[in-house]
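Notes follow the structure.
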Amino acid sequence: MTLDIRENEESEVVVVELCGELDSSSVAVFTLKFREITGKRASKKYVLDMKGLEFISSAGWTAFLNECKELRAAGGDLKIAAMQADAKRVYGLVGIDSVIESHEAVKDAVKSYAKNG
Amino acid sequence: MKEKLKSIKWEIMAVVLLLTLAVTGTMSFLLLSIQTKSITNEVELRGVSLTRNIANNIADFLLIKHELEAAKILKDAMKNRGIMYAMVVDGNNRILAHNDMTQVKKEYQPPGNKSGITPGKNTVYQAKNGGKIIEFTSAVIAKNKVKIGVVHTGVSHDVIQNALRKTYYSIMAVIVLAVILSVSGAFFLSTAITKPINILAEGAKIAGTGDLSHKIEIKKRNELGLLADTFNVMTEGLKKAQEAALERRALEKELEIAWQIQDALLPKTFPDMGKYEAAAFYKPAKEIGGDYYDVIPLGSGRFGIVMADVSGKGIPAALIMTMLSSVLNIEARAAADPVSVISRLNSGLQARISGSMFATVFYGVLDVSKNLIEMVSAGHHEMLIYRKKEAAVEAVCPKGAAIGILQGGDFETRLEKKAVSIKAGDKLLLFTDGISEARAKTGGRYGMERVEQSLRNYGKQRCSPMLDGLLSEVHQFTGGQEQSDDIAVLAIGRTV
């Protein structure tokens, strides 16, 4: 039930690596740390690297939807990349695919920001 | 238990009194000794000098036997304070001259018993009448160096005592004044301390009875005032903590009632479905939950089968769950097509679900006469079907999106409707991800495969024992580990 967050900045886009499990017990940690990161930066373009995320529950998806909403309100956006199989399933099933953009590879997600300017 | 309090005041006053007496007593003693020595010294010096003067003056007169003149000198000497007698005694111990003329020619007698020697080596006698007399002597030597006799003068020791008396009284007065001042000072000072202490004690007692609004009033800007302020801060803190605890209790009580209301929405018994039976199990995680299941009679042998899961936990999820239950119960009866039912559910709830919350709903209309179930899924995972004939498990998962994610037309177009027929002995298993995501101590998740396997293991049985079996396997897997998500399962079975 731990969650590690690592960040690295590529061009103007901030990539946040998530590792571990994101369920109702670690959701507060995610929200706190993610807001710490967004608070420090002017850039509002984010990519969540989910390669290391072994598990995500509905509480986790709710948190992603929330942060996405906040970033969009500030003129930015949140995209996700490198989902594991289970996460991908829920992503399509619940319909999050109609709200948050996803990519297979992190660099594709980063590039997609440039395309839209 | 009311003990008579022995005030510390008395101890303080006693100590101060003793100290005062000790100090003033010691100093008085020293002062008196010094004065005594000094006065004694003076008396002696005067005595010695007087006696010598007499001896010098009287020598010549005695030599030429001018007795009158001699007597005059001695009488004059008597004018000095404290002189009791003045005489001249010859070598044969006879009184040659005396201030009292009647004593002449008598034998010299010491004034009393010898009782001591002065520092100046003069003899002190204890007289018969009780007083002490110091006797000074000086040799009378005439011009021609002949010793005529010895002058004896007697000085009353009382001279010394009288001189000291004044000092003595002054000292006594000072001691008495010192004692009065110090003891009163001690009394007032200790009262200044004990009075606030009593106020503090009283305040603590009142606080102890539960009245935490009582404030201790000590206006002094010293340690006692500090103690009072600190005490008041403490009771204020305790009061706030008490209020917070009461609020928490009230809130817990409200949560309990809210849970009871919510729990009442989850059916424990099911409507008569003819040859179909139903069983359900629900176990909330610690907090108030957001899962919901239902079997809604729609008439004409049709039933709405519901399994729903609201994202999130706590009161927000519970509120959405109750809204969902109300709206769904109405819409299920209002429309025949499950797609319409769920679309209308989404329209009804979409505006009300705040922020990023969503709810997954699996909804099917079971027709017991046609042995058919038509299903839609608003973002919910698959329903499992146990086929008795094949002893196998199928999964059915119509496409869709969760309630609260999409609006209106977008939502409806995404909904896929599926229908399956049900044979005798077949079982439908609807559940929330609390089961498939149930966690073992070691960290692994139960997973969909295990659910399917458990269903295979127990599918032959009636719904109720089947659920028992399934849940026992889940319990074994989790090892009794506390779960962070609600578990809800609904089983529908065709008996014949």
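Protein chains in written order, with this note's numbering: chain A, 24 to 140; chain B, 1208 to 1703. Don't be surprised by glycine CBs; every beta carbon is placed ideally from N, CA and C. Keep in mind the model is a prediction, meaning the values are calculated, not measured.
Quick one: what's got a C-beta closer than 7 Å to G1654 of chain B's C-beta in the same chain, skipping five residues either side? Cβ neighbours of G1654 of chain B within its own chain (closer than 7 Å, five residues either side excluded): S1643.
List the residues of chain A whose Cβ lies closer than 9 Å to the Cβ of E1659 of chain B, in chain order. Under the 9 Å cutoff, chain A gives no residues; its nearest Cβ is about 15 Å from E1659 of chain B.
Excluding the five sequence neighbours on either side, which residues of its own chain have a C-beta within less than 6 Å of the C-beta of L1535 of chain B, listed in chain order? Cβ neighbours of L1535 of chain B beyond the five flanking positions: L1552.
Is it buried or exposed, V1353 of chain B, if we count other Cβ atoms within 10 angstroms and call 16 or more buried? Its Cβ having fewer than 16 others within 10 Å, V1353 of chain B is exposed.
Please name the residue in B:S1691, B:Q1668, B:L1662, B:K1606 whose C-alpha comes closest to that of R1646 of chain B. Among B:S1691, B:Q1668, B:L1662, B:K1606, the Cα nearest to that of R1646 of chain B belongs to B:S1691.
Report the rounded CA-to-CA distance for L41 of chain A versus E59 of chain A, giving the unit in angstroms. When rounded, the distance between both Cα atoms is 15 Å.
Give a yes or no on contact between the region 1595-1610 of chain B and the region 1554-1568 of chain B, applying the rule of three or more CB pairs nearer than 8 Å. Short answer: they touch.
Which runs of the alpha helix (DSSP H) at least 4 residues long sit entirely within the region 1301-1376 of chain B? Give them in chain order. Fully enclosed alpha helix (DSSP H) runs of 4 or longer: not present.
Over what stretch of residues does the alpha helix (DSSP H) that includes S1256 of chain B continue unbroken? Counting along the chain, the alpha helix (DSSP H) containing S1256 of chain B begins and ends at 1215-1270.
Kindly list, in the order they appear in chain A, the residues whose Cβ is closer than 8 Å to that of F1638 of chain B. For a Cβ distance threshold of 8 Å, nothing in chain A lies close to F1638 of chain B: the least Cβ distance comes to about 14 Å.
Identify each residue in the region 1594-1616 of chain B for which the Cβ-Cβ distance to at least one residue of chain A is less than 9 Å, and report them in chain order. Identification of residues in the region 1594-1616 of chain B having a C-beta nearer than 9 Å to some C-beta of chain A yields C1604, K1606, G1607, A1608, A1609, I1612, L1613, given in sequence order.
Excluding the 5 residues flanking V1386 of chain B on each side, which residues of the same chain have their C-beta closer than 6 Å to its C-beta? The beta carbon of V1386 of chain B sits closer than 6 Å to those of T1227, all from its chain and outside the five residues before and after it, given in chain order.
Kindly indicate which residue of A:A105, A:V113, A:S80 has the alpha-carbon position closest to the one of D131 of chain A. Minimum Cα-Cα distance from D131 of chain A among the listed residues A:A105, A:V113, A:S80 corresponds to A:A105.
Per DSSP, which residues does T1567 of chain B bridge with? Please list them. In DSSP, T1567 of chain B forms a bridge with B:D1516.
How far does the alpha helix (DSSP H) with L1535 of chain B in it extend, from its first residue to its last? From DSSP, the alpha helix (DSSP H) with L1535 of chain B extends over 1521-1541.
By DSSP, does F1488 of chain B sit in helix, in strand, or in coil? Strand, per DSSP.
Out of B:F1438, B:T1243, B:Q1316, B:G1650, state which residue places its alpha-carbon closest to the alpha-carbon of L1371 of chain B. B:T1243 is the residue among B:F1438, B:T1243, B:Q1316, B:G1650 whose C-alpha sits nearest the C-alpha of L1371 of chain B.
Is the separation between the beta-carbon of A1278 of chain B and that of H1359 of chain B shorter than 9 Å? Not in contact: A1278 of chain B and H1359 of chain B (Cβ atoms no closer than 9 Å).
Supposed contact pair T1639 of chain B and D1693 of chain B - C-beta distance, whole angstroms, cut 8 Å: Yes, they are in contact, since the Cβ atoms of D1693 of chain B and T1639 of chain B sit about 7 Å apart, within 8 Å.
Beta-carbon proximity check, V1362 of chain B vs G1254 of chain B, cutoff 9 Å: Cβ distance < 9 Å, so V1362 of chain B and G1254 of chain B count as in contact.
Are the region 1460-1471 of chain B and the region 1439-1448 of chain B touching by the rule of at least three beta carbon pairs closer than 8 Å? Contact between the region 1460-1471 of chain B and the region 1439-1448 of chain B is absent: fewer than three C-beta pairs spanning the two stretches fall below 8 Å.
Under the three-state reduction of DSSP, which class applies to K1624 of chain B: helix, strand or coil? It is coil, neither helix nor strand.
Helix, strand or coil: which one does DSSP assign to S80 of chain A? Coil.
Taking the alpha carbon of V1223 of chain B as the reference point, which residue from B:G1289, B:T1374, B:L1433, B:F1394 has its own alpha carbon closest? Considering only alpha carbons, the answer is B:F1394.
On the DSSP letters alone, give me the boundaries of the beta strand (DSSP E) that K1446 of chain B sits inside. Run containing K1446 of chain B: none in the beta strand (DSSP E); it sits in the alpha helix (DSSP H), 1430-1472.
Name, please, each residue of chain A whose Cβ falls closer than 9 Å to the Cβ of S1507 of chain B. The premise fails here: S1507 of chain B is roughly 32 Å from chain A at the closest Cβ pair, so nothing lies under 9 Å.
Any idea what DSSP makes of A132 of chain A, helix, strand or coil? A132 of chain A falls in the helix class under three-state DSSP.
N- and C-terminal bounds of the alpha helix (DSSP H) containing V1603 of chain B: V1603 of chain B -> not in any alpha helix (DSSP H); beta strand (DSSP E) instead, spanning 1599-1603.
Which of helix, strand or coil DSSP assigns to A1609 of chain B: The answer is coil: DSSP assigns A1609 of chain B none of H, G, I, E or B.
Identify, in the order they occur along the chain, each residue of the same chain with its Cβ nearer than 7 Å to the Cβ of S1671 of chain B, setting aside the five sequence neighbours on each side. Annotation for S1671 of chain B: A1486 place their beta carbon closer than 7 Å to its own, counting only its chain and skipping 5 residues before and after.
According to the neighbour-count rule (16 or more other Cβ atoms, all chains shown, within 10 Å of its Cβ), is M1208 of chain B buried or exposed? Low per-residue confidence applies at M1208 of chain B: pLDDT is 48, beneath 50, and the placement is therefore not dependable, though the value from the model is reported in the following sentence. Under a 10 Å Cβ-count criterion, M1208 of chain B is classified as exposed, with fewer than 16 other Cβ atoms of the shown protein chains found around its own Cβ.
Rounded straight-line distance, which links the Cα of K1490 of chain B to that of H1682 of chain B: If you take the alpha carbons of H1682 of chain B and K1490 of chain B, they lie about 12 Å apart.
Rounded C-alpha distance that separates A1229 of chain B from S1420 of chain B: If I take the Cα positions, the gap works out to 49 Å.
Within the same chain, show all residues whose beta-carbon is closer than 6 Å to that of S1518 of chain B, passing over the 5 residues directly before and after it, in chain order. Result list for S1518 of chain B: M1564, F1565, in chain order.
So which residues on chain A does A1691 of chain B lean against when the C-beta distance must stay under 7 Å? It is worth fixing the name first, because residue 1691 of chain B is Ser in this sequence and not Ala. Residues of chain A passing the Cβ test: D46, S47, S48.
Per DSSP, which one or two residues make a beta bridge with M1590 of chain B? Beta-bridge pairing links M1590 of chain B to B:V1603.
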